[in-house]
Amino acid sequence: MELLLGLVLLCGVADFTRGLSITTPEQKIEKAKGETAYLPCKFTLSQEDQGPLDIEWLLSPSDNQQVDQVIILYSGDKIYDDYYQDLKGRVHFTSSDLKSGDASINITNLQLSDIGTYQCKVKKAPGVANKKVLLTVLVKPSGTRCFVDGSEEIGNDFKLKCEPKEGSLPLRYEWQKLSDSQKMPTPWLAEMTSPVISVKNATSEYSGTYSCTVQNRVGSDQCLLRLDVVPPTNRAGTIAGAVIGTLLALLLISIIIFCCHKKRREEKYEKEVHHDIREDVPPPKSRTSTARSYIGSNHSSLGSMSPSNMEGYSKTPYNQVPSEDFDRAPQSPTLAPAKLKYTYKTDGPTVV
Numbered sequence: 001m002e003l004l005l006g007l008v009l010l011c012g013v014a015d016f017t018r019g020l021s022i023t024t025p026e027q028k029i030e031k032a033k034g035e036t037a038y039l040p041c042k043f044t045l046s047q048e049d050q051g052p053l054d055i056e057w058l059l060s061p062s063d064n065q066q067v068d069q070v071i072i073l074y075s076g077d078k079i080y081d082d083y084y085q086d087l088k089g090r091v092h093f094t095s096s097d098l099k100s101g102d103a104s105i106n107i108t109n110l111q112l113s114d115i116g117t118y119q120c121k122v123k124k125a126p127g128v129a130n131k132k133v134l135l136t137v138l139v140k141p142s143g144t145r146c147f148v149d150g151s152e153e154i155g156n157d158f159k160l161k162c163e164p165k166e167g168s169l170p171l172r173y174e175w176q177k178l179s180d181s182q183k184m185p186t187p188w189l190a191e192m193t194s195p196v197i198s199v200k201n202a203t204s205e206y207s208g209t210y211s212c213t214v215q216n217r218v219g220s221d222q223c224l225l226r227l228d229v230v231p232p233t234n235r236a237g238t239i240a241g242a243v244i245g246t247l248l249a250l251l252l253i254s255i256i257i258f259c260c261h262k263k264r265r266e267e268k269y270e271k272e273v274h275h276d277i278r279e280d281v282p283p284p285k286s287r288t289s290t291a292r293s294y295i296g297s298n299h300s301s302l303g304s305m306s307p308s309n310m311e312g313y314s315k316t317p318y319n320q321v322p323s324e325d326f327d328r329a330p331q332s333p334t335l336a337p338a339k340l341k342y343t344y345k346t347d348g349p350t351v352v
């Protein structure tokens, strides 16, 4: 019986060592976004494995909606790494000599879309083996902000808040006091691991510098908060000042509106008066000088005409001359008598 059992075990070991096998166990790997993930896959060959060596890495996405994708392949002593567009340029074999038994890969600059199950397949006829690696990509806490929600006055209720901009769940929080006695106020001890600390009936003893640390499985981040609990302000004076300021602003606006309205009314009045004056002005009359020139020219013509031409000229249509100017008889200018100066010479008088 013992001999038979020994033969069975010996055959099992012989079968195990005879075929190709992957020595790396299946495992789960967690990495932070932006980091590099190392996915191990080491194998051993037997003397019977004489066929060509083929190594293939496949990805089964986490959403289970897509079929397995080949991300990198080694076949015929060549590497092919342009199968999967999302990982192109980010996936590489770690070993320069894959025949040595190391088919591990690195994935650089990890993204959330890289989450999934990766499978390493090694073939060298007649041996075939495969192993799986589950990769999880997490986001480290970052951009954490600490602030006070409420009025930091004695006797008031307010909250201390710690909020990271991003970070994969679950997140852990830890508050600490960095100044004075470095002891957290007793009422706050129950909330030291919470993102929010509720402060009731604040006192000046709460003043100081506090820190909040946010952690998850891949990293941590911290922020600082300065708390100054001060005496309450004179709210009545503040309210009165705000009311007076508002009334002054309204008064100033009213004055500006009144001035603008008044200016517009004055401009409108000036335009209307100017328009009325132009409408009341009567049309211009013919000038007297025109009629006089007309009559004077006719008299001159009469004086230069002979009696034989008077008959034709007497029929001139005087009724065409404006009546108002025609009724006024032109006055012939009175010429002063010429003064003659005589100069007597021996040969006779000379008139100058």
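Quick note: our numbering has the sequence shown finishing at residue 352, numbered continuously throughout.
Backbone N, C-alpha and C define an ideal beta-carbon position, used for all residues, glycine too.
(message) Once DSSP output is grouped into helix, strand and coil, what is the label at residue 356?
(response) Lying outside 1 to 352, the shown extent of the chain, residue 356 is not represented and no answer is given.
(message) With a threshold of 7 angstroms on Cβ separation, who are the neighbours of residue 19 within its own chain once the five nearest residues in sequence on each side are excluded?
(response) 46 and 127
(request) Between the Cα of residue 59 and those of 52, 53, 68 and 51, spot the shortest distance and give me the residue it belongs to. (result) 68
(message) Spatial neighbours of residue 74 within its chain, please: C-beta separation below 6 angstroms, excluding the five flanking residues on both sides.
(response) 55 and 98
(message) Whether or not the region 208 to 216 and the region 132 to 149 are in contact is what I'm after, with contact meaning three or more pairs of Cβ atoms, one per stretch, closer than 8 angstroms; do they touch?
(response) yes
(request) Would you list the one or two residues that DSSP bridges to residue 139? (result) None, per the DSSP bridge assignment.
(request) Give the single residue among 207, 182, 138 and 83 whose Cα lies nearest to the Cα of residue 153. (result) 207
(message) Quick check on this structure: which residue in 162, 180 and 178 has the alpha carbon closest to the alpha carbon of residue 172?
(response) 162
(request) Could you tell me which residues DSSP puts in a beta bridge with residue 272? (result) Partner(s): none; residue 272 has no beta bridge.
(message) Check this for me: beta carbons of residue 91 and residue 77, under 9 angstroms apart or not?
(response) no
(request) Could you tell me the boundaries of the beta strand (DSSP E) in which residue 214 lies? (result) 208 to 216
(message) Is the beta carbon of residue 110 closer than 9 angstroms to that of residue 36?
(response) yes
(request) Out of 181, 178, 114 and 201, point me to the one whose CA is closest to residue 187's CA. (result) 201
(request) Check residue 85 in the structure and name its three-state DSSP category. (result) helix
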